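Peer 1: Okay, so the sequence shown: first residue is 1 according to the working numbering, each after it adds one. Cβ coordinates follow ideal geometry from the N, Cα and C atoms, glycine included. These numbers come from a predicted model, not from an experiment.
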Amino acid sequence: MSLKEITIKSSRIFSDDGFRFGPFFLKEFFFLCLYTFGNYSYALSLGKISSSAALTIRSFEVSIVYIFGRIVLKDKFNIFKTIAVFLAMIGVISIALDKEFAANIIGFLLVLMSCLSDSTYKVTFKLISGEQASLGEGMLFLSGMALVNLPLNLIPTSILVYFGYDIWQWDSVPWGNFLNFVFLTFVFNIATIFGVAALGPLSIVIGVLCGIPISIFIDVILRGRHLTVTFVIGAVSLITSAILANFHQQLGYLFKGDKSGNEQNI
């Protein structure tokens, strides 16, 4: 199969009628806005609250994805996921009341906005990609988003530099960190796109669980922060929420003990 044939086949992710510029640009621009807003909000929040608080609040995304999945993807009702939503709400409220790790309400709200944006990104991509996206579709989607992103960043930056409102010094750019960030972002986006298409948006957010203990350890040991009761309650509630949401099938089998008889309710 030639490159042209692969591209034509993969373009069905933009339109059932093949590649058309209108649907391509609108979809890529929509996802680019969600991606940029989510990452920018999260980056701004790190300047106002601790990284462990921000990452812990991010696990609230599990519950948002479940709610969106019920509304948009028509996912079936699940008791474990529903309990997870309430636990996540308790966790978010507890961390919002904490004065040690999340003392700034603006930073707290920025993380919540990031969760909302990323959840919309994942659920909407699952909606347009269907049951499973191919390698070509995923690569074409990411390439298209980068192509749309290039002029949207290049044009205003060039104007600011040309009129002297911004200064660009090549020698001052930390190229090592920059290239490392680009590579890790590329790997993350590839894993997210295919993970959402293959497993569903809810399963992807489990990665946040791996970073929470590490982030808390860094804040407590290296940055001298002290664990508070409200933060511990919030963190435990959010982590438990994420576990219930991601391992609902295994928990259903464990509690009822009959795999064949429970598939319709789990």
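Compute the beta-carbon to beta-carbon distance between I57 and V123, rounded to the nearest angstrom, for a pair I have assumed lies under 8 angstroms.
Peer 2: Rounded, the Cβ-Cβ distance is 19 angstroms, inconsistent with contact.
Peer 1: Under the three-state reduction of DSSP, which class applies to F125: helix, strand or coil?
Peer 2: In the structure shown, F125 sits in a helix (DSSP, three-state: H, G or I).
Peer 1: Tell me whether W170 sits in a helix, a strand or coil according to DSSP, three-state version.
Peer 2: Helix.
Peer 1: Which of the three DSSP states, helix, strand or coil, is assigned to Y162?
Peer 2: helix
Peer 1: Identify whether N104 lies in helix, strand or coil by the three-state DSSP scheme.
Peer 2: coil
Peer 1: Just the C-alpha distance for D16 and E28, rounded to the nearest angstrom, thanks.
Peer 2: 16 angstroms
Peer 1: Assuming W242 contacts S59 under a Cβ cut-off of 8 angstroms, what Cβ separation, rounded to an integer in Å, is found between them?
Peer 2: It should be noted that the sequence gives Ala, not Trp, for residue 242. At roughly 5 angstroms, the Cβ-Cβ gap stays under 8 angstroms, so A242 and S59 are in contact.
Peer 1: At the level of alpha carbons, what is the spacing between T82 and F186?
Peer 2: If I take the Cα positions, the gap works out to 33 angstroms.
Peer 1: So, using beta-carbon positions, are G107 and S45 closer together than 8 angstroms?
Peer 2: yes
Peer 1: Which of helix, strand or coil does DSSP assign to S15?
Peer 2: coil
Peer 1: Hey, out of F125, H226 and S52, whose CA is closest to G138's CA?
Peer 2: F125
Peer 1: Would you mind working out which of R225, M113 and A84 sits nearest S237, comparing C-alpha positions?
Peer 2: A84
Peer 1: Name the two residues that bound the continuous alpha helix (DSSP H) containing K27.
Peer 2: F21 to S45 is the extent of the alpha helix (DSSP H) around K27.
Peer 1: Is the beta carbon of F24 sitting closer than 8 angstroms to the one on G144?
Peer 2: yes
Peer 1: So is L140 buried or exposed if we call it buried at 16+ other beta carbons inside 10 Å?
Peer 2: It counts as buried.
Peer 1: My output table needs one value for G224: the three-state DSSP class, helix, strand or coil.
Peer 2: coil
Peer 1: Let me know the secondary structure DSSP gives F60 once reduced to three states.
Peer 2: Residue state for F60 is assigned as coil, using DSSP reduced to three classes.
Peer 1: Report the three-state DSSP secondary structure of S237 (helix, strand or coil).
Peer 2: helix
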